[in-house]
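Read through the structure below, which is laid out as structure tokens, and then see the notes.
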Amino acid sequence: MTDTLLNAPYDGIAAGNEPRLSVADRPFRLWATVRKWSGKGLLALLDQGLISGANFLIAILLARHLATRQYGAYALTFEVFLFLAVVYGALVLEPLSVFGSSIYRDQLRDYLAALLRIHVVMAVIILAGVSLAALVLHEVEPREGLSAALLGVAVAAPCLLLFWLARRVSYVGLNPQQAVLGATVYFAVLSGGLVLIHRSRHLSPLLAFMLMAAGAAVTTPLMLNRLRRRMASASGSLSVLEVIRRHWRYGRSALASALAIWFSTAILYMLLAGSGGLGDVGEMKALMNFSSPIGQVFAALTLLSLPFAARVQHQRGVQGMHPLLWKLTGLYGGGTLLYWVIVVTFRGPIVNHLYSGKYVHVTTLLPWVALGSILRITATAQTITLRAMHSPALALVAYSAAGVVAVVAGIPSTRFYGVRGAVFTLILSSAAALIVARIMVRRRISPPNMGGATTNHVSSTTAL
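Take a look at the structure:
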């Protein structure tokens, strides 16, 4: 695990109290740290890989067997699901990661009970609101298949979000094995369901969402039951309103950043739907599918690198973030580049095999999608640093800039150039996110002091 090497210089050392290690002792300490953290990293990657792998299979099979316009309907409604996931993640899951391991650490069972009540309320709102939107859409445009796909989102979203809640509680309780077990069951249910649906030749966006809902509905009760058995008995003293207030105070700023990230990509699908129709949306989704695996890998790594970066900032201060920033940038940018070199080199056979001869005409755009992906994931390394330095507002500035560029450049480019214009806009918005994030980081991190203790401090860190 590459990220465990980042952990090595800092793990378990209070600022100013670092033991003086001999050169001979350093490899042993590094190995001990790697052993401690590599297991967590591997489990996080395995968990994310199983979930993402199952969803990737669904996206590929839909692209292979649906007409381009039908696939565009799936892509557009999937963005609706991502919007709901962004809101839920910012207001429920992100605060859970913080409060579950701190304030409510000794009341985890009561805390989970309160979160389940909150989830029920949110699930009812999602089910009613999205179902109503699907009915209205059916009256306005019944032939596009959007209403049926949106109805699938209404059913699937509450189930999937509860599954994500159970997974996050597993990590908060320092029991990632439970998350991996749940992901394995989810993958098995979806894979088996896909085989049955594929044989029946009735694959559709609605069935795809219903299959995701079934996988989550089977897996989540098993996970919650195992988690409850490992928790202390509930006291019933925790107020749901108190939990709501804490989550809202913490999550509202995270919500703005998360929505800005979602919007900068989702707007491209919306603009394509308005200018070129669902066929263009389907082609764009077919291209963007290839950015999903590497994006999910670094989403899993961020679950580890963000708290680690926050610990470095707490122990070493702003100066300690300077070498870490370059390591994160190299890890995120270099890893993404390596992935795309392989995909772009063999793009012809890969696209032809995965899509069964469809979407070959947009293969030439894949290198440009790769460029946008590299820029965006490299920007993520910068925003991790900003968030670790308690400056989420600066990360919001970077992604807001990306959203503005996506709108300003996307409206004319998608209107006149369709999918090519959308890919061009993707590159511009990702570059904007990276440039602005880098500027924000430079303002927060001053150049390393060339004298005194700081220099020795940073040098010893780099040497390790």
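Residue numbers are given in my numbering: position 28 of the sequence shown equals residue 49, and the series is strictly consecutive.
No residue lacks a Cβ here, since even glycine has one placed at the ideal position from N, Cα and C.
Close CB contacts of Ser168 within its chain, under the 8 Å cut and outside five residues either way in sequence, are with Ala155, Leu156, Leu158, His159, Glu162 (chain order). Counting only runs that start and end inside the stretch 430 to 474, there is no alpha helix (DSSP H) element of at least 4 residues. Per DSSP, Val113 is not a residue of any alpha helix (DSSP H), being assigned neither H nor E.
Two segments are said to touch when three or more pairs of C-beta atoms, one from each, lie closer than 8 Å; by this definition the stretch 131 to 140 does not touch the stretch 327 to 335. A direct Cα-to-Cα measurement between Ala237 and Trp283 gives close to 23 Å. Under a 10 Å Cβ-count criterion, Ile72 is classified as buried, with 16 or more other Cβ atoms of the shown protein chains found around its own Cβ. Glu160 carries a helical assignment under DSSP once its states are collapsed to helix, strand and coil. Of Phe120, Tyr132, Ala170, Val108, the smallest CA-CA separation from Ile146 is found for Val108. Residue burial is scored here from C-beta neighbours: Asp127 has fewer than 16 other C-beta atoms within 10 angstroms and is therefore classed as exposed.
Note on Asn246: under 16 other CB atoms within 10 angstroms of its CB, so exposed under the neighbour-count rule.
Taking all protein chains shown into account, Leu211 has 16 or more neighbouring C-beta atoms within 10 Å of its C-beta and is therefore buried. Collapsing the DSSP output to three states places Asn196 in coil. Residue nearest to Gln69 within the set Arg463, Thr323, Ile460, Val425 is Thr323 (criterion: CA-CA distance). DSSP places Leu259 outside both helix and strand once states are collapsed to three, so it counts as coil. A residue is called buried once 16 or more other Cβ atoms fall within 10 Å of its Cβ, and Trp347, having fewer, is exposed. With at least 16 other beta carbons inside 10 angstroms of its own, Gly93 counts as buried. It is roughly 46 Å from the alpha-carbon of Asp131 to the alpha-carbon of Arg85. The C-beta separation of Leu396 from Leu299 comes to about 27 Å, leaving the pair out of contact by the 8 Å criterion. Inter-segment contact for the stretch 304 to 313 and the stretch 89 to 105 is present: three or more beta-carbon pairs are separated by less than 8 Å.
Closest in C-alpha terms to Leu415, from the list Leu117, Thr401, Ala427, Phe102, comes Thr401.
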